[in-house]
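A.B. asks: Residue numbers (the working numbering): 70 to 323.
Quick reminder that beta carbons are idealized off the backbone N, C-alpha and C, glycines included.
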């Protein structure tokens, strides 16, 4: 049994996972509020509890690959570039906070940095996917705008035709890294992230959108690196397979 093949195989699978994540990041280069993902691989070979190990290695290819890496994704919450749009309903957050939106499909609340808003037929402020933006002044209700002159101040207070109509609901979490990503730009809380807490110490910018935080140059360099590593790992697997075949042939000839 040549454990070198399993080592190269686990590396190939890790690079396939890296490739999937990086191509998804690049596909969302122009998605408002998108936060790039990064694969995290941590060695757990020495932590295999209840496993029978021989010279510190698991007893088969599947077990080896499963033991070699513990895969997880980490989201980068680095702010994206702020892009002026001229749209009165577009809003960007400067600081650690999320908009609260409610999905019309499942009725659940989600949390997002995607501040490219519009109006639906009910005059409710909505995201590109139709989720309604919630109003802090009328808890649990959408923000409704019926008028032409729309002003949103840096604290999220919305004034329409000279009259305040509500305040954009903004929250943050104790541990945002523990949030679950849903779709391209939405997040939902977990027990580890903590519950959403209202904030008023961030600044909002009207007629501006926060764009994706994907760096196209570094992503392209990463794709080249992954391609080269994967090619090398495939050559190693082929070479070791040839060695095993040759050894088996020589043993059979004895």
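Roughly how many angstroms lie between the CA atoms of residue 328 and residue 87, to the nearest whole one?
C.D. replies: Any answer about residue 328 is impossible in this case: the structure gives the chain only from 70 up to 323.
A.B. asks: Alpha carbon to alpha carbon, how far is residue 181 from residue 255? Give it in angstroms, no decimals.
C.D. replies: One C-alpha to the other measures close to 5 angstroms.
A.B. asks: Under 8 angstroms between the Cβ atoms of residue 106 and residue 272?
C.D. replies: Against a cut-off of 8 angstroms, the Cβ pair of residue 272 and residue 106 comes out as no contact.
A.B. asks: Pull the bridge partners of residue 143 from the DSSP assignment, please.
C.D. replies: Its beta-bridge partners are 107.
A.B. asks: Counting C-beta neighbours from all protein chains within 10 Å, is the total for residue 229 16 or more, i.e. buried, or is it exposed?
C.D. replies: Result: buried.
A.B. asks: Measuring straight from C-alpha to C-alpha, what distance separates residue 241 and residue 207?
C.D. replies: Going from the Cα of residue 241 to the Cα of residue 207 covers about 19 angstroms.
A.B. asks: Identify the continuous beta strand (DSSP E) that holds residue 161 and give its terminal residues.
C.D. replies: That run of the beta strand (DSSP E) goes 160 to 163.
A.B. asks: Contact check, residue 176 vs residue 189 under 8 angstroms by CB: the rounded distance?
C.D. replies: About 16 angstroms separates the two Cβ atoms, so there is no contact after all.
A.B. asks: Which one or two residues does DSSP pair with residue 300 in a beta bridge?
C.D. replies: Its beta-bridge partners do not exist; DSSP assigns none.
A.B. asks: Can we say the region 254 to 268 touches the region 149 to 160, given the rule of at least three CB pairs closer than 8 angstroms?
C.D. replies: With the cut-off at 8 angstroms, the region 254 to 268 and the region 149 to 160 do not touch.
A.B. asks: Could you tell me the boundaries of the beta strand (DSSP E) in which residue 273 lies?
C.D. replies: Where residue 273 is concerned, the enclosing beta strand (DSSP E) stretches over 272 to 275.
A.B. asks: Is residue 268 helix, strand or coil by DSSP?
C.D. replies: DSSP places residue 268 in coil when its eight states are reduced to three.
A.B. asks: With distances taken Cα to Cα, identify the nearest neighbour of residue 184 among 232, 91, 281, 108.
C.D. replies: Closest by alpha carbon: 281.
A.B. asks: Evaluate residue 250 with the Cβ neighbour count: other Cβ atoms within 10 Å of its Cβ, from every protein chain shown; 16 or more gives buried, anything less gives exposed.
C.D. replies: Label assigned to residue 250: exposed.
A.B. asks: In this structure, does DSSP put residue 288 in helix, strand or coil?
C.D. replies: Helix at residue 288.
A.B. asks: Report all residues from its chain with a CB closer than 8 angstroms to the CB of residue 197; omit the five preceding and five following residues, and keep chain order.
C.D. replies: The residues are 101, 183, 185, 187.
A.B. asks: Report the three-state DSSP secondary structure of residue 223 (helix, strand or coil).
C.D. replies: Coil at residue 223, not helix or strand.
A.B. asks: Using DSSP with H/G/I as helix, E/B as strand and the rest coil, what is residue 94?
C.D. replies: DSSP places residue 94 in helix when its eight states are reduced to three.
A.B. asks: Taking residue 245 as the reference, which of 172, 178, 262, 232 has the closest Cα?
C.D. replies: Out of 172, 178, 262, 232, 262 has the C-alpha closest to the C-alpha of residue 245.
A.B. asks: Just how far apart, CA to CA, sit residue 214 and residue 178?
C.D. replies: Taking the straight line from one Cα to the other gives about 20 angstroms.
A.B. asks: Do residue 235 and residue 191 have their C-beta atoms closer together than 8 angstroms?
C.D. replies: Not closer than 8 angstroms, so no.
A.B. asks: Apart from the five residues just before and just after residue 193, which ones in its own chain have a Cβ nearer than 6 angstroms to its Cβ?
C.D. replies: The residues are 201, 211, 213.
A.B. asks: Just verifying my parser: in three-state terms, what is the DSSP assignment at residue 239?
C.D. replies: In the structure shown, residue 239 sits in a strand (DSSP, three-state: E or B).
A.B. asks: Any idea what DSSP makes of residue 178, helix, strand or coil?
C.D. replies: If DSSP states are grouped into helix, strand and coil, residue 178 belongs with the strands.
A.B. asks: Comparing the CB of residue 98 with every heavy atom of the ligand MG, is any distance shorter than 7 angstroms?
C.D. replies: With respect to the ligand MG, the structure offers nothing, as it holds no ligand at all.
A.B. asks: Does the beta-carbon distance from residue 161 to residue 279 come in below 8 angstroms?
C.D. replies: Closer than 8 angstroms, so yes.
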